[in-house]
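Numbering (our numbering), first residue to last: 739 to 1238.
Note that the Cβ used here is the ideal one computed from N, Cα and C, for glycine as well.
As structure tokens, the structure follows; a few thoughts come after it.
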Ligand SMILES: Cc1cc2nc3c(=O)[nH]c(=O)nc-3n(C[C@H](O)[C@H](O)[C@H](O)COP(=O)(O)OP(=O)(O)OC[C@H]3O[C@@H](n4cnc5c(N)ncnc54)[C@H](O)[C@@H]3O)c2cc1C
């Protein structure tokens, strides 16, 4: 097992050196650690994680009912079979990740409670210097690394996004964001209004409806929901036939991915037909005469935003039972007792939950420098949504939104390991991406095409993100089905890779 070199600095804390430094121990960082041990066993590496445990998204979200909205056959790693029902709770995902860590002895590489504050690249030393704060002691610690692998996710963990509404300070009840759900919040017998209609609202509402007096989902505009049973028939049949779990995992993944490709294509080719199908499935679960047109017929095309999976249509059961209801309107202001709507109606509430989304966090809120100059990330251009012009020896895992995030984790981990081996084999110590001659006149566009994918948190923060070009090499296409073939085939001696 390779040992990190410790180079004490007489003027400060000891600096530890690793070949690779991974930022974050969520599903991406743990995947990076696994693939490094398997594919690059000679590389020394460390994973620095701000929280006291692994899991990222699944560790810090604690609201009632928190669960995945993708199936775990594809949200799970390709190398570790998923054996439960497709949709999993945060607890089940954490158990799965813990098994990956324990079975592969990854814990020795992870340092918890280390929040990275600064990262600077030096073209003289050809390495990154990373400064972190140890949250248990407040001490500053310094690391150097040949390659910086950003697995920090995409949103600010400490605080969710809550818009400013007039009168919020007058409201006499409690305002709660799902991202920072108070452990002791008592909603028994209370009137709860949940602002928002995304996956979080769809999860939270059925989880609390039974105990509240009433819960209202207040939405500005409707979302697509995809109600289905939380089971996978093919996996269940294969299991009955006592097929090996590794086979079941692979076969079920392929079937789900093939089905999803067909659905995605249908959404692009026949958006109106798909819209009818999705809205029809919801209508079938609601009482006769329910205003589906107003509350469950979105204005955007299916697949322009993530489709919210609803196991067993649970939110619709709550509506049918009269425990939950939907209001489609805009907020005029908060009042002492609740919310006044543009329609002049008032919603009374003891608790208001703002399921209004995330704040995008760019590069883990770490201050970046290249040769002593602060980095303006928005001025860089992305290579396939993973590397950036002007940022040597760095890769960011930004997964998929339409397909499971983790599909891209496995793909990019293979890519990083191949790149590191290629650099070693050729004696290269520095890699940076740059435009090819054929890209000289390429237009530089915002990070994502709003016509392709347009969730609010990305729309709000587009100005903070790198630019994209109009060719697949210079953008995050969000297309797993294309990238699964393209990424493994990338020519590492292509003109876009510059090595020293
Ligand atoms: C409620 C919710 C449900 C979701 N459901 C799904 C789903 O079903 N399917 C799907 O594909 N996607 C889903 N997503 C998207 C989800 O975020 C990703 O799928 C995935 O979990 C992201 O993993 P990650 O490891 O890249 O990032 P994260 O889970 O965000 O983890 C990043 C880690 O990096 C650490 N970190 C960040 N900055 C620093 C720093 N400066 N120093 C040290 N450590 C740092 C964080 O503490 C964190 O632990 C969901 C997101 C949310 C919020």
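A distance below 7 Å between beta-carbons, with the five flanking residues on each side excluded, links residue 841 to no residue of its chain.
Using a Cβ distance threshold of 8 Å, residue 1177 and residue 1222 do not count as a contacting pair.
Note on the region 945 to 1020: whole alpha helix (DSSP H) runs with a minimum of 4 residues are 971 to 978 and 983 to 1007, in chain order.
Straight-line measurement puts the Cα of residue 875 at about 46 Å from the Cα of residue 1219.
Not one heavy atom of ligand 1 lies closer than 7 Å to the C-beta of residue 860. When DSSP states are grouped into helix, strand and coil, residue 1166 belongs to the coil group. Spatial neighbours of residue 1214 in its own chain (CB-CB distance under 8 Å, excluding positions within 5 residues in sequence) are listed in chain order as 1120, 1122, 1123, 1124, 1136, 1185, 1186 and 1206. Relative to ligand 1, even the nearest heavy atom lies 7 Å or more away from the CB of residue 1219. In the structure shown, residue 1111 adopts extended strand secondary structure according to DSSP, grouped into three states. For residue 1177, there is no enclosing beta strand (DSSP E), as DSSP marks it with neither H nor E. By the Cβ rule, the region 793 to 801 counts as touching the region 756 to 769, because three or more pairs are nearer than 8 Å.
Considering only 1224, 937, 1157 and 860, the residue with the shortest C-alpha distance to residue 1107 is 860.
About 12 Å separates the CB atoms of residue 892 and residue 1095; that is not less than 8 Å, and the two are not in contact.
A Cβ-Cβ separation of about 4 Å places residue 1071 in contact with residue 904 under the 8 Å criterion.
Annotation for residue 831: 796 place their beta carbon closer than 6 Å to its own, counting only its chain and skipping 5 residues before and after.
Shortest Cα-Cα distance from residue 912 to any of 966, 1129, 932 and 1161 involves 932. Distances from the CA of residue 922 to each of 1068, 1069, 800 and 1182 were compared; the closest alpha carbon is that of 800. About 12 Å separates the Cβ atoms of residue 1023 and residue 944, ruling out a contact at the 8 Å cut-off.
Every unbroken stretch of the alpha helix (DSSP H) spanning 4 or more residues and falling wholly within the region 863 to 947 is given here in chain order: 937 to 947. Between the beta-carbon of residue 909 and that of residue 1117 there is about 41 Å, and that puts the pair past the 8 Å contact cut. Taking the C-beta atoms as reference points, residue 990 is found nearer than 8 Å to residue 972.
With three or more CB-CB distances shorter than 8 Å, the region 970 to 987 counts as touching the region 813 to 826.
Assignment of beta strand (DSSP E) within the region 1043 to 1115, counting only whole runs of 3 or more residues, yields 1046 to 1049, 1062 to 1066, 1069 to 1072, 1076 to 1079, 1084 to 1086, 1089 to 1092 and 1105 to 1108 in chain order.
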